[in-house]
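If you count the sequence shown from 1, you need to add 99 to reach my numbering. Note that beta-carbon positions come from the ideal geometry of N, C-alpha and C, so glycine has one too. Beneath this line is the structure, given in structure tokens, with notes to follow.
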Amino acid sequence: MTIHTLYELVQHSVKSFASKVAFAMYGGEELSYAEVGTRVKHVQDLLIGAGLKAGDKVALLSSNMPNWCVSYLAVTSAGMVAVPILPDFSTEELEMIIAHSEAKALMVSDKLFAKLAKSTIESLHIVIRTKNLGVIASRPAAEKGAVGIPNPEDLAVIIYTSGTTSRPKGVMLSHANLCAQISMSAAIFPIFPDDTFLSVLPLAHTYECSIGMIYPFSMGARVVYLDRPPTASVLMPTLAEVRPSVMLIVPLIIEKIYRHQILAKFTSSGFWRALYKIDFMRRYLHRVAGKKLMKVFGGRLRFLGIGGAKLDGGAEKFLLEARFPYAIGYGLTETAPLLAGAAPSQVRLGSTGPAAPGVELRLENVDARTRQGEIVALTPSVMLGYYKNAEATSQIIDVNGWLHTGDLATMDADGYVTVRGRSKNMLLTSSGQNIYPEEIESKLNNMPYVSESLIVLQHDKLVALIYPDFDDAFAHGLQQTDIEKAMEANRNELNLLLPAYCQITKVKIHFEEFEKTAKKSIKRFMYQEAKG
């Protein structure tokens, strides 16, 4: 069955998989597909009673839980518009989004409710608690509302991005945009009713919502949520008990595992370092480590999807040589999100794979020397536009409907895309060299005692701003002067791996974490020129 709207999705899945578990909280409640249908109706009754009707906006501000999914499906399948908000937005940003989206209702978790001003709460028709779907606050409705059956082209959600270079913009996605992700995902990697997803990324992120919630819900699979951040101490017992067959992560998670458990072991002594430098021995060691890592993940993993940022080359080489079932996807919030991807059996080192089925990709303004150009996409999932921002929309979508991503990449003869970085992040030296800071940062972040880094251009020289992993350094007995020496040693080692034109001339230590967006990307615009 081809699904065109989220209304059709709910009707199909609740009926087809009624007795199966749809959503579960790790160590907590489980909701069957039939129970999801019952709760969806309950939420819709509350919204209608508060006077809401099709087309009205409902903000969704909550940590991951089964009722997040219920709330999202209830709003969108009623013809209303969901406004999922990332929990990490600041209070100021939350207020702005609720006001800008013209939300008339709010679904909110207890912890996040405290971040909102009283005036914001009073501006809403109804506030519903996601934990138990009870009413926190409401005001008498002048008249009863009504649900509507949405059409594929109708607006389904407005997702506010947390860009590294600008204020949040509201991405408008239609039912057709979102439902196209189901067939795209299924063509790349099919899932089945006996699959179990472990969800560790925010549901308000399009990546997790589309691929990690809507897709499995359409196929009768089960999704398990965590009620706390996915630290190593939390993930290990969870993986052992849940034994997921599918999981979506950002690079940071697998990079930490690689750095602290794999690389640390194989560089712990002269003996291991010598073995690790021999190609066939490294591949053998990676294969052994991969089998152990598969057991850590519960032994059933079929697909580890990685997206959201560039994956470090060393970590990916380990996954590939370990024959771990991973794949790197590429997409944007503005495309709901998938644009390119491959099944684990088709991955190529450094590439995100070819265009997803139904998507056309091309490169524009290709540099003859580097063969790099901007990725431009034509997809059934391209957004309707930015909410109340026609100017910004026209800057990214051309008159023929092609979306200009702002990402620079190369493309091989088979159509496999290798993303180099954001065009806005590219550093241009006086000698005309193009430098992609993300590539250098991914290497630097995997060096000893580095938590995160940022490469900036100062007086035509590259400077590495580094926030050290102080906990790790102090645990190994390092003092501040030792940390400074370690960072300088990292600089020297890194430069051996880099061409002369992009070597680091100086290291500057940051004693506080870099300012982040709600999606945990560094706000680069705040550090474009290193001081001092």
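TODO: Could you tell me which of GLU340, SER284, ALA133 and GLY413 sits nearest to PHE365, measuring between CA atoms?
DONE: PHE365 has its Cα closest to that of GLY413, out of GLU340, SER284, ALA133 and GLY413.
- [ ] My understanding is that GLY406 touches TYR429, with C-beta atoms under 8 angstroms, so please give their C-beta distance in whole angstroms.
- [x] 7 angstroms
Task: For HIS503, the residue or residues it bridges with in DSSP - done: VAL475
- [ ] Measure the C-alpha to C-alpha separation of ALA455 and ALA181 and round it to an integer number of angstroms.
- [x] 26 angstroms
Open item on the list: Within a Cβ cutoff of 6 angstroms, which residues of the same chain sit near PHE370, ignoring the five residues on either side of it in sequence?
Closed with: Within its own chain, no residue has a Cβ closer than 6 angstroms to the Cβ of PHE370 once the five positions on either side in sequence are excluded.
Task: Inter-residue spacing [alpha-carbon to alpha-carbon] between GLU473 and HIS103 - done: 31 angstroms
- [ ] Would you mind listing the alpha helix (DSSP H) stretches within the stretch 419 to 497 that are 4+ residues and don't spill past its ends, in chain order?
- [x] 489 to 495
Task: Start-to-end residues for the alpha helix (DSSP H) that takes in PHE316 - done: 314 to 318
Open item on the list: For a quick check, are the C-beta atoms of PHE116 and GLY319 less than 8 angstroms apart?
Closed with: Cβ atoms of PHE116 and GLY319: closer than 8 angstroms.
Task: Contact between the stretch 419 to 439 and the stretch 274 to 288 (3+ Cβ pairs under 8 angstroms) - done: yes
Open item on the list: Can you look up ASN250 in the DSSP assignment and give me helix, strand or coil?
Closed with: coil
Open item on the list: Would TRP167 and THR229 be called neighbours here (beta carbons separated by less than 8 angstroms)?
Closed with: Yes, these two residues count as a Cβ contact at 8 angstroms.
Task: As assigned by DSSP and simplified to three states, the class of ASN545 - done: coil
Task: Proximal residues to GLU537 (C-beta, below 7 angstroms), its chain only, five neighbours per side dropped - done: LYS409, GLY520 and ASN524
- [ ] Could you give the DSSP three-state label for SER222: helix, strand or coil?
- [x] coil
Open item on the list: Whether or not the stretch 155 to 175 and the stretch 129 to 140 are in contact is what I'm after, with contact meaning three or more pairs of Cβ atoms, one per stretch, closer than 8 angstroms; do they touch?
Closed with: yes
TODO: Quick one: using the 10 Å Cβ neighbour count with 16 as the cut-off for buried, is ARG327 buried or exposed?
DONE: exposed
Open item on the list: The beta strand (DSSP E) that contains TYR324, what's its start and end?
Closed with: 321 to 324
Task: Segment limits, beta strand (DSSP E) that includes GLY404 - done: 402 to 405
Task: Touch test, the stretch 482 to 502 against the stretch 594 to 602, Cβ-Cβ under 8 angstroms, three pairs minimum - done: no
Open item on the list: Once the 5 residues before and after GLU540 are set aside, which same chain residues still bring their CB inside 7 angstroms of it?
Closed with: SER552, LEU553 and ILE554
Open item on the list: Threshold first: 3 residues or longer. Then list the beta strand (DSSP E) segments lying entirely within the stretch 152 to 184, N to C.
Closed with: 156 to 160 and 180 to 183
Task: Backbone CA spacing between GLU129 and ASP294 [nearest angstrom] - done: 15 angstroms
Task: Contact set for LEU483: own chain, Cβ-Cβ below 8 angstroms, skip 5 residues either direction - done: LEU254, MET271, LEU272, SER273 and ASN276
TODO: Tell me where the alpha helix (DSSP H) around LYS140 begins and ends.
DONE: 132 to 148
Task: Nearest candidate by alpha-carbon position, reference ALA439, set ARG422, LEU448, PRO424 and GLY457 - done: ALA439 has its Cα closest to that of GLY457, out of ARG422, LEU448, PRO424 and GLY457.
TODO: Take VAL518 as the anchor and find which of THR451, ASN545, PHE573 and MET393 has the nearest alpha-carbon.
DONE: THR451
Task: Neighbour-count burial assignment, THR337, 16 or more Cβ in a 10 Å radius - done: buried
TODO: Label SER298 either buried or exposed according to how many other C-beta atoms from any shown protein chain fall within 10 Å of its C-beta, with 16 as the threshold for buried.
DONE: buried
Open item on the list: Are the CB atoms of HIS503 and VAL475 within a distance shorter than 8 angstroms?
Closed with: yes
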